[in-house]
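Just below is one structure, and these are the notes that go with it.
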Amino acid sequence: MSFLQQDVPLSWYLLLSAALFSLGVVGFLIKRNLITVFMSIELMLTAVNLSFVTFAHQWHMVKGQIFVFFVMVVAAAEAAVGLAIIIAVFRARATLSVDRIDLMKL
Amino acid sequence: MHLILFFLFAGLCLAGAINLLLQSHPINSALSLIVVMSSLAVLYLLLGAEFLAAAQLIVYAGAIMVLFTFVVMLLNAGREDRTLGSRSARAIGFPAVAIILAVLATIILRAQGLGAAALGEGLSNAPGSTNIEQLSRVLFHELLLPFEVTSVLILIAILGAVALARHGGGERTAEK
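Printed below as a string of C-alpha cells:
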C-alpha cells in the first residue's frame with residue numbers, strides 16, 4: 216500500500232515526454248497521409264510542452280508554464296495556416312498522399 | 460493516488476499515440492490524438508498547472524482537433540495506402556529515432572537533483588497565491604509586449620488561412 220502512496224519521480228514525466236516525441240517522429244516518417252503527418256507534428260509539440268511543465272514544477276518557476284502558453288498560441292496559428300495549405304494542396308493536386316506531392320523532389 | 464493517476468493517464472497517452480500510428484484512416488488518428496491531448500491535460504493538472512490543463516483541453520483537444528476533424532471530413536480523406544516510407548526513411552530514420560530516444564532516456568535517468576511530484580502540490584508554497592494568479596502576474600506585468608504580439612500573430616494567421624483557403628483566390632488577383 217505504501218507503494219501507492221509515494222510520489223512520482225519527475226524523470227518519469229520526462230521519459231513519457233521523450234517517448235511521445237519519438238512516437239511523433241516515427242509517425243512523421245511512416246505516415247503517408249498529409250493530415251496524419253501534420254498530426255504527428257502536433258504530437259511532437261505537445262510532448263515538448265510536457266517537459267516544459269515538468270521543469271516548471273521542478274524549479275518552482277512559472278515562466279516554464281508561460282512558455283507552454285506561448286507554444287500553444289503558436290501551435291494554434293500553425294494549425295490554422297497548415298490546414299489551409301493542406302486544403303490548397305488538395306485543390307491543386309486532388310490527392311493527400313505525400314508520395315504523390317513530389318513537385319520539389321529531385 | 461498520484462502514482463495511480465500517473466500510470467493511468469500516461470498509459471492512455473502512450474496508447475493513444477501508438478494507435479495514431481497504427482490506424483490507417485485519418486479520422487481514427489484524429490480521435491486518438493484527442494485522447495492523447497485530454498490525458499495530457501490531466502497530467503498537467505497533476506503537475507500543478509491548472510490553467511494550462513484548462514487551456515490544453517480548450518485549445519488543443521477542443522479547437523485544434525475540431526479543425527483537424529473538420530478538414531478530414533471536408534477533404535473526404537480516405538484510407539491511406541500502406542507503404543512504410545521511402546527507403547532512406549527506413550534505413551536512417553528508425554535507427555536515428557531509436558538513438559535519440561535512448562540518448563534522451565539515459566540523460567534523463569542519470570540526471571541528478573530531479574525531484575518528485577506529490578498530489579496537490581502547486582508551484583510555490585506561498586499561501587493564498589494560486590497558479591493562475593502567479594501566471595497572470597508574470598504574463599501581464601513582465602511579458603505584456605510578447606502577449607500583445609501573439610494577438611497580432613493570431614490575426615496574421617487568420618488572414619493567411621483565409622487567403623490560402625479561398626477558392627481560386629490566387630488566379631483572380633493574378634488576372635487583375
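So the protein sequences, as listed, match chains R and V.
For our numbering, add 215 to where a residue sits in the first sequence, where the first one is 1.
For our numbering, add 459 to where a residue sits in the second sequence, where the first one is 1.
We put the beta carbon where it would ideally sit given N, CA and C, even for glycine.
For Phe599/V, there is no enclosing alpha helix (DSSP H), as DSSP gives it neither H nor E. By the Cβ rule, the region 521-528 of chain V does not count as touching the region 556-564 of chain V, because fewer than three pairs are nearer than 8 Å. Within the region 268-281 of chain R, contact with chain V at the beta-carbon level (separation under 8 Å) is assigned to Val268, Thr269, Ala271, His272, Gln273, His275, Met276, Val277, Lys278, Gln280 and Ile281. The contact set of Ala476/V on chain R, defined by CB atoms closer than 7 Å, consists of Leu235, Leu238 and Leu258 in chain order. Pairwise C-beta distances place the region 241-249 of chain R out of contact with the region 224-232 of chain R, as fewer than three of them are shorter than 8 Å.
Residue state for Asn535/V is assigned as coil, using DSSP reduced to three classes. In this model, Gln515/V and Ala550/V are separated by some 36 Å (Cα to Cα). Pro224/R is bridged by DSSP to Ala575/V. Taking Ala512/V as the centre and dropping the five residues before and after it, the same chain places the C-beta of Ala500, Tyr503 and Leu504 closer than 6 Å to its C-beta, in chain order.
For Asp317/R, the closest Cβ of chain V is not nearer than 8 Å. According to the DSSP assignment, Lys278/R belongs to the alpha helix (DSSP H) that extends over Lys278 to Arg308.
For the options Glu601/V, Ser610/V, Asn590/V and Phe606/V, the alpha carbon positioned closest to that of Gly507/V is the one of Asn590/V. Between Phe527/V and Ile250/R, the C-beta spacing is below 8 Å. If you draw a straight line from the Cα of Glu592/V to the Cα of Glu257/R, it is about 28 Å long. Leaving aside the five residues that flank Phe253/R on each side, the residues in its chain whose CB is nearer than 6 Å to its CB run, in chain order, Gly297.
The three-state reading of DSSP puts Ser547/V in helix, counting H, G and I together.
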